[in-house]
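Novice: For reference, the structure I am asking about is given below.
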Amino acid sequence: MPEATQRISEIYQQVVERNPGETDFHQAVKEVLDTLAPVLRQHPKYAERKIIERICEPERQIIFRVPWQDDQGEVHINRGFRVGFNSALGPYKGGLRFHPSVYLDTIKFLGFEQIFKNALTGLPIGGGKGGSDFDPKGKSDDEVMRFCQSYMTELYRHIGELTDVPAGDIGVGAREIGYLFGQYKRITNRYESGVFTGKNPSWGGSLVRREATGYGVVFFLEEMLQARDNSVSGKTAVVSGSGNVAIYAIEKLQGMGAKVVACSDSGGVIYDPEGLNLETVKQLKEVERARISAYVKHHPHAEFREGASIWDIPCDLALPCATQNEIDEAAAKKLVEQGCIALCEGANMPCTPEAMKVLEAGKLAYGPGKAANAGGVATSALEMQQNASRDAWTFEHTEERLHDIMRNIFRDCHNAAEEYGEPGNYVVGANIAGFRRVADAMLAFGLI
Ligand code: NDP
Ligand code: 2IT
61 MPEATQRISE
71 IYQQVVERNP
81 GETDFHQAVK
91 EVLDTLAPVL
101 RQHPKYAERK
111 IIERICEPER
121 QIIFRVPWQD
131 DQGEVHINRG
141 FRVGFNSALG
151 PYKGGLRFHP
161 SVYLDTIKFL
171 GFEQIFKNAL
181 TGLPIGGGKG
191 GSDFDPKGKS
201 DDEVMRFCQS
211 YMTELYRHIG
221 ELTDVPAGDI
231 GVGAREIGYL
241 FGQYKRITNR
251 YESGVFTGKN
261 PSWGGSLVRR
271 EATGYGVVFF
281 LEEMLQARDN
291 SVSGKTAVVS
301 GSGNVAIYAI
311 EKLQGMGAKV
321 VACSDSGGVI
331 YDPEGLNLET
341 VKQLKEVERA
351 RISAYVKHHP
361 HAEFREGASI
371 WDIPCDLALP
381 CATQNEIDEA
391 AAKKLVEQGC
401 IALCEGANMP
411 CTPEAMKVLE
421 AGKLAYGPGK
431 AANAGGVATS
441 ALEMQQNASR
451 DAWTFEHTEE
461 RLHDIMRNIF
471 RDCHNAAEEY
481 GEPGNYVVGA
491 NIAGFRRVAD
501 AMLAFGLI
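As structure tokens, this is what we get:
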């Protein structure tokens with residue numbers, strides 16, 4: 061039915077016109093919409109009730125001023141955001157990103173992706189995202205605390221364990237969650253553990269949440285490889301970034317017998333042909349908040365390549381775990397040429413549309429972020445469960461739950477891809493499986 065394709069292209073045009081200049085948001089929407097025509101054909105109700113049009117419009121968008129003072133007493137003004145995109149399946153759920161590049165477009169693309177990702181987990185969480193153009197890099201702990209307190213002084217009225225539950229993303233880790241939660245608790249006069257996830261396990265956080273995104277990516281990768289009678293063990297891997305997701309992806313890769321030869325930060329790439337020493341990376345990034353270039357001081361045989369592309373390094377497995385659009389067409393070509401067999405996305409939308417085409421043509425096993433990196437938010441939902449029951453689970457139990465969830469996500473993507481005639485295409489599988497869960501809930505609720 062050509063009308064379905066036509067309808068989708070009209071919806072996309074409307075999204076572009078209604079959200080001028082928001083190119084990352086357009087890209088995220090296009091990637092999902094391009095896979096939905098067969099679903100509209102099979103379920104005309106989705107079109108009649110304008111489900112896609114509604115999903116593309118956030119339920120609410122909050123933008124606010126965040127004034128704070130640095131250690132010298134100088135005043136700074138940042139902008140805060142929180143977008144509640146879709147609450148059909150549960151309270152808005154998604155991280156906060158603090159990075160100087162953040163603007164409304166960034167939060168909308170991330171919030172849109174989050175709807176489908178969260179639906180794929182099978183857990184009761186809607187989609188949302190937030191953040192600020194604040195740059196935590198180079199700031200003292202006190203400055204970060206003052207910023208977080210100011211940010212929460214506005215945000216607190218919009219969130220709640222049954223309404224909207226933030227967590228971390230780029231630039232927001234355990235330190236920031238602590239300051240944000242502390243201010244929320246103080247303003248609201250409630251110890252409402254379930255309002256935030258990614259908390260320290262000593263005050264209401266879940267074990268495995270810190271590791272969950274990175275571990276989950278590798279669990280998903282292993283499922284993809286096993287479907288091709290292959291495995292992570294014995295492979296050479298490259299992981300971009302050296303933050304939360306990258307570190308725990310490296311840990312699980314190494315634990316499963318892969319050799320990880322490179323990681324990076326915004327300053328450049330570390331290439332260690334002997335295999336990265338993860339303890340050094342953790343010490344530099346989690347303790348000292350140093351630049352990754354300092355790795356070579358500890359391991360002089362390794363090489364630091366300032367400003368270089370990590371995707372020039374030959375590998376079997378590529379795991380982008382830094383940021384959006386970090387793999388362009390040229391990088392994708394290089395990966396294919398050099399014999400990479402699988403790419404699994406820890407970051408959100410790390411491949412440009414052109415790169416995705418190259419990877420598809422190159423027949424790589426390709427794990428899209430909204431499925432592959434869903435282990436983080438899934439474990440956040442497990443943290444919410446523990447908070448609701450005032451319980452704390454063991455590491456082993458929680459990791460097993462995470463592992464099961466990743467296997468189920470893989471199975472759902474795999475089955476949806478087969479059902480819609482594109483076996484092995486997990487982009488199609490993830491988009492359709494996630495979309496259908498949200499769409500069916502929206503239909504059930506009437507016109508919302
Ligand atoms: P962190 O802040 O812990 O680490 C981010 C890493 O990526 C750092 O090494 C950082 O380098 C690098 N990076 C960030 N922005 C850029 C940029 N513009 N150019 C080059 N390098 C960059 O964040 P996370 O590890 O939490 O997040 C990484 C990715 O994973 C993001 O795409 C995030 O949305 C996604 N994600 C995170 C989840 C989570 O649970 N944390 C869950 C699912 C997805 P530098 O320090 O130099 O800036
Ligand atoms: O992109 C993501 O899924 C996250 N940053 C984690 C969100 C969460 O609520 O744990």
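Residues 61 to 508 in our numbering are what the sequence shown spells out, letter by letter. The beta carbon of each residue, even a glycine, is placed where N, CA and C say it ideally should be. Given the structure is predicted, the values throughout are model-derived calculations rather than measurements.
Quick check: what's the CA-CA separation for residue 70 versus residue 464?
Specialist: 39 angstroms
Novice: Taking the beta carbon of residue 507 as the centre, do at least 16 other beta carbons fall within 10 Å, making it buried, or is it exposed?
Specialist: exposed
Novice: Taking only the alpha-carbon atoms, compute the straight-line gap between residue 473 and residue 276 and give it to the nearest angstrom.
Specialist: 15 angstroms
Novice: Going by beta carbon distance, what residues of the same chain come within less than 8 angstroms of residue 181, once the five residues before and after it are set aside?
Specialist: 434, 437, 438, 441, 465, 469
Novice: Name the residue from 403, 407, 250 whose alpha carbon lies nearest to the alpha carbon of residue 383.
Specialist: If you compare the alpha carbons of 403, 407, 250 with that of residue 383, the shortest gap goes to 407.
Novice: So, with DSSP's three-state summary, where would you put residue 122?
Specialist: strand
Novice: Buried or exposed for residue 357, please, with buried defined as at least 16 other CB atoms from any protein chain shown within 10 angstroms of its CB.
Specialist: exposed
Novice: For residue 398, I'd like the list of residues in its chain whose CB is within less than 6 angstroms of its CB, leaving aside the five on either flank, ordered along the chain.
Specialist: 374.
Novice: Could you check which residue in 457, 138, 361, 204 has the C-alpha nearest to that of residue 125?
Specialist: 138
Novice: Would you check whether the ligand 2IT has a heavy atom nearer than 7 angstroms to the C-beta of residue 266?
Specialist: Checking the Cβ of residue 266 against the ligand 2IT gives no.
Novice: If you measure between the beta carbons of residue 327 and residue 366, is that distance less than 8 angstroms?
Specialist: yes
Novice: So is residue 307 buried or exposed if we call it buried at 16+ other beta carbons inside 10 Å?
Specialist: buried
Novice: Is the beta carbon of residue 157 less than 8 angstroms from the beta carbon of residue 191?
Specialist: yes
Novice: Taking Cβ to Cβ, would you say residue 226 is nearer than 8 angstroms to residue 193?
Specialist: no
Novice: Do you know how far the Cα of residue 212 is from the Cα of residue 248?
Specialist: The C-alpha of residue 248 lies about 11 angstroms from the C-alpha of residue 212.
Novice: Pick helix, strand or coil for residue 163, following the three-state DSSP scheme.
Specialist: coil
Novice: Regarding residue 491 and the ligand 2IT, is the C-beta to nearest heavy atom distance less than 7 angstroms?
Specialist: Taking 7 angstroms as the cut-off, the C-beta of residue 491 does not count as close to any heavy atom of the ligand 2IT.
Novice: For residue 296, name the three-state secondary structure that DSSP assigns.
Specialist: strand
Novice: How is residue 505 classed by DSSP in three states: helix, strand or coil?
Specialist: coil
Novice: Is residue 159 near the ligand NDP, in the sense that its beta carbon is under 7 angstroms from a heavy atom of that ligand?
Specialist: yes
Novice: Can you tell me which residues form a DSSP beta bridge with residue 10?
Specialist: Outside the modelled stretch of the chain, which goes from 61 to 508, sits residue 10, for which no answer is possible.
Novice: Relative to the ligand NDP, is the shortest distance from any of its heavy atoms to the C-beta of residue 234 smaller than 7 angstroms?
Specialist: no
Novice: Using the C-alpha atoms, what's the distance from residue 413 back to residue 84?
Specialist: Straight-line measurement puts the Cα of residue 413 at about 11 angstroms from the Cα of residue 84.
Novice: For a test of the three-state rule: what should DSSP assign to residue 129, helix, strand or coil?
Specialist: strand
Novice: Report the residue from 250, 281, 488, 501 whose alpha carbon sits nearest the alpha carbon of residue 291.
Specialist: Scanning 250, 281, 488, 501 for the CA closest to the CA of residue 291 turns up 281.
Novice: Kindly provide the ranges of any beta strand (DSSP E) runs that are 3 or more residues long and lie completely inside the stretch 178-236, ordered along the chain.
Specialist: Runs of the beta strand (DSSP E) inside the stretch 178-236: 187-192, 224-228.
Novice: For the structure I just gave you, are there three or more beta carbon pairs, one from the stretch 92-106 and one from the stretch 476-495, closer than 8 angstroms?
Specialist: yes
Novice: Using 10 angstroms around the beta-carbon of residue 128, count the other beta-carbons present and answer buried if the total reaches 16, otherwise exposed.
Specialist: buried
Novice: At what residue ranges does the stretch 447-481 contain a whole run of the alpha helix (DSSP H), taking only runs of 4 or more?
Specialist: Runs found: 455-479.
Novice: Does DSSP classify residue 321 as helix, strand or coil?
Specialist: strand
Novice: Do residue 400 and residue 300 have their CB atoms nearer than 8 angstroms?
Specialist: no
Novice: Measuring only the C-alpha atoms, how far is residue 142 from residue 215?
Specialist: 8 angstroms
Novice: Given this structure, state the Cα-to-Cα distance separating residue 169 from residue 229, to the nearest angstrom.
Specialist: 14 angstroms
Novice: For the ligand NDP, any of its heavy atoms closer than 7 angstroms to the Cβ of residue 325?
Specialist: yes
Novice: Are the beta-carbon atoms belonging to residue 188 and residue 144 less than 8 angstroms from one another?
Specialist: yes
Novice: Rounded to whole angstroms, how far is the Cβ of residue 309 from the Cβ of residue 278, which I believe are closer than 8 angstroms?
Specialist: Going by Cβ atoms, the distance from residue 309 to residue 278 rounds to 6 angstroms, so yes, they are a contact pair.
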